[in-house]
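Count the sequence shown with mature numbering (1 follows the signal peptide of the UniProt record, and there is no 0) and you get residues -16 to -1, 1 to 368, in order.
Here the structure is laid out as structure tokens; the discussion comes afterwards.
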Amino acid sequence: MRSALLLLSAAAVALGVPAQTQTPLAQAASSNHSSVSNRLFIELEELARVVDISYCVGTTGLGIQKPFQCASRCGEFENFELITTWNTGPLLSDSCGYIAVSHPPSAPRILLAFRGTYSIANTIIDLSTIPQEYVPYPGDDDDGTEDPDFVDPKIWPDEDSPPPADPPKCTNCTVHTGFYTSWLNTRKEILPHLTEAINNYPNYTLTLVGHSLGGAVAALAGLDFEARGWDPHVTTFGEPRVGNKEFMEYINNRFDVANITPTQNDTTSKYRRVTHQGDPVPLLPLDEWGYKMHSEEIFIKKWELPPTAEDIQHCNGDEDPACITGDEAENPSWGVPARFKLWQLFFAHRDYFWRLGLCVPGGDPKDWYRKYPHLGGDDETPEL
């Protein structure tokens, strides 16, 4: 936890925090933005619990065991089957997570959950802001190893066949070196297991979810899998800025999210980027360093837990001033006022429907969702 506080302390210094209470732009303009549907609320809340379980990976004495057991929320997902977990270790960017399959009557999915910032190694990676060129798969496949991770032969037996998709070039695209390195190290670990799962369950939806650093890795993984023709659906919580403007436009185009409006069915988007008021991580690395956000932001405008569907709004474009970018615009000063507590920054980054990252029995001790199982409203609430 101390390493996470160091990261958020640096964020507070870089972004500044207002010394006096103000009405955030996000609150002032929220009347012009539609709230999420009850159905989308339920989907996002469930995915927050799914990614919360990833914090059990790499934790001494804990972990996730088959069929799907852990010290946290695994018992809430009776139809989940664990495929594998991974932990690249601190020398290889300390990426952790798990792959599981969600069987009917739950929504049929192949799930990849990417863990967020948890250790000093992660913090260093998070702050390694030097950019590097981004080359889409399959152009990035030759990483200098003897075991290149091209399309798995179980799916494409003819080695002369081209990849299932032909992604356009990402002209002038750069990405955060630390995030990209974390993804490349992760890819070697997960591809054999993932391709086998896709082969075994071809009609299941490939679903990626990540928190914090895991959100950045999920974004890069989503682009890779989209290029392979696997049709991934990505949801991130507290995702940092991953690359420059050209790269973010590339994400918008590849996932076709740039032109989505809140009046459309809000559960159909292939990419959802969830942010939370007061969370500094989505504003890092800094805009003045050339890093930008991409579209399809969903903003939790309520500071405290728990939020309701009315507390969560759709945002417009890449950097909507009524959403997380409004925090940046209102905090131009440098320094952290004495009245501001670093633990508030820490919790703002952890509080996405639940307090993420605990890996304790039952997850968040408040266990609030059990008090509101249906949330009211007329939207359908299928079992997920």
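Backbone N, C-alpha and C fix where the C-beta goes; we use that ideal spot for every residue, glycine too.
S166 in three-state terms, based on DSSP: Correct three-state label for S166: helix.
Per-residue burial, G227 [other beta carbons within 10 Å of its own, 16 or more giving buried]: Here G227 is buried: its Cβ has 16 or more other Cβ atoms, across all protein chains shown, within 10 Å.
Cross-strand partners of C54 (DSSP beta bridge): Note: C54 sits in a beta bridge opposite I48.
Beta-ladder partner(s) of Q297, from DSSP: S19, F283, per the DSSP bridge assignment.
Three-state secondary structure assigned by DSSP to G198: Residue state, collapsed to three classes: helix.
At least three beta-carbon pairs within less than 8 Å, the stretch 273 to 289 to the stretch 253 to 262: Judged by Cβ distances under 8 Å, the stretch 273 to 289 makes contact with the stretch 253 to 262, as three or more pairs qualify.
Where the beta strand (DSSP E) through E117 begins and ends: E117 -> beta strand (DSSP E) spans 115 to 117.
Three CB pairs or more closer than 8 Å across the stretch 82 to 102 and the stretch 34 to 51: They touch, by the three-pair rule.
When P120, K254, N300 are compared against T158, the one with the closest alpha-carbon: With distances taken between Cα atoms, T158 lies closest to P120.
Own chain partners of D250 with C-beta closer than 7 Å, once the 5 adjacent residues on each side are dropped: In chain order, V20, S21, L24, H298 place their CB closer than 7 Å to the CB of D250, counting only its own chain and leaving out the 5 sequence neighbours on each side.
Coil, strand or helix - N71 by DSSP: For N71, the secondary structure class from DSSP, reduced to helix, strand or coil, is strand.
Close beta carbons around I139, own chain, < 7 Å, minus the five adjacent residues each side: Bear in mind that the predicted position of I139 carries a pLDDT of just 38, short of 50, making it unreliable; the figure below should be weighed with that in mind. Shown here for I139: same chain residues with a beta carbon closer than 7 Å to its own, the five before and five after excluded, namely T179, I182, N183 in chain order.
Nearest to E272 (by Cα), restricted to the options I174, K229, S166, E173: The candidate whose alpha carbon is nearest that of E272 is K229.
A55 beta carbon near the ligand NAP (any heavy atom closer than 7 Å): Here there are no bound small molecules, and the ligand NAP is not part of this structure.
Assumed close pair L289, Y39 - CB separation to whole angstroms, cut-off 8 Å: So it is not a contact: roughly 17 Å between Cβ atoms.
Pick from E233, E30, W70 that is closest to G42, judged by C-alpha positions: Of the residues E233, E30, W70, the one whose Cα lies closest to the Cα of G42 is W70.
As assigned by DSSP and simplified to three states, the class of R339: R339: strand per DSSP, three-state reduction.
Short Cβ contact (8 Å threshold) for E280 with S253: The Cβ atoms of E280 and S253 lie closer than 8 Å to each other.
At least three beta-carbon pairs within less than 8 Å, the stretch 50 to 59 to the stretch 86 to 103: Result no; under three Cβ-Cβ pairs closer than 8 Å.
C-alpha gap between N16 and I67, whole angstroms: Those two C-alpha atoms are separated by around 43 Å.
C-alpha gap between Y188 and N236, whole angstroms: Rounded to the nearest angstrom, the two C-alpha atoms are 24 Å apart.
Residues bridged to residue 411 [DSSP beta-bridge criterion]: Outside the displayed range of the chain (-16 to 368) lies residue 411, so it cannot be described from this structure.
Cut-off 8 Å between Cβ atoms - residues of its own chain near Y185, not counting five sequence neighbours on either side: Here the set comprises V85, P92, I94.
Residue closest to F98, alpha-carbon to alpha-carbon, out of A202, G59, K153: It is A202.
Nonlocal neighbours in the same chain, by C-beta distance under 7 Å from D335, ignoring five residues either side: Around D335: H260, L289.
8 Å Cβ shell around L28 - same chain, five flanking residues per side excluded: Cβ-Cβ distances below 8 Å link L28 to V20, T219, R256, V258, I282, I296, F337 in the same chain, with the five nearest sequence neighbours on each side left out; the list follows chain order.
Beta-carbon gap between L192 and P224 smaller than 8 Å: In this structure, the beta-carbon distance from L192 to P224 does not fall below 8 Å.
Given G198 as reference, the closest of R171, A242, W214, I114 once Cα atoms are compared: Among R171, A242, W214, I114, the Cα nearest to that of G198 is on R171.
Rounded C-alpha distance that separates S196 from V265: If you take the alpha carbons of S196 and V265, they lie about 7 Å apart.
CB contact flag (L268, I308, <8 Å): Not closer than 8 Å, so no.
Beta-carbon proximity list for T161, same chain, < 7 Å, skipping 5 on both sides: Exclusion of the five residues before and after T161 leaves S112, I114, P115, Q116 as the residues of its chain whose Cβ lies within less than 7 Å of its Cβ.
Burial state of E173, where buried means 16 or more other Cβ atoms lie within 10 Å: It is buried - the Cβ of E173 has at least 16 other Cβ atoms within 10 Å.
Helix, strand or coil at H87 [DSSP, three-state]: In this structure, DSSP gives H87 a state outside helix and strand, which the three-state scheme calls coil.
CB contact flag (L204, Y164, <8 Å): The beta carbons of L204 and Y164 sit closer together than 8 Å.
Best match in L342, T155, H278 for proximity to D302 [C-alpha to C-alpha]: Per the Cα distances, H278.
Alpha carbon of G100 to alpha carbon of C154, nearest angstrom: For G100 and C154, the distance between alpha carbons rounds to 26 Å.
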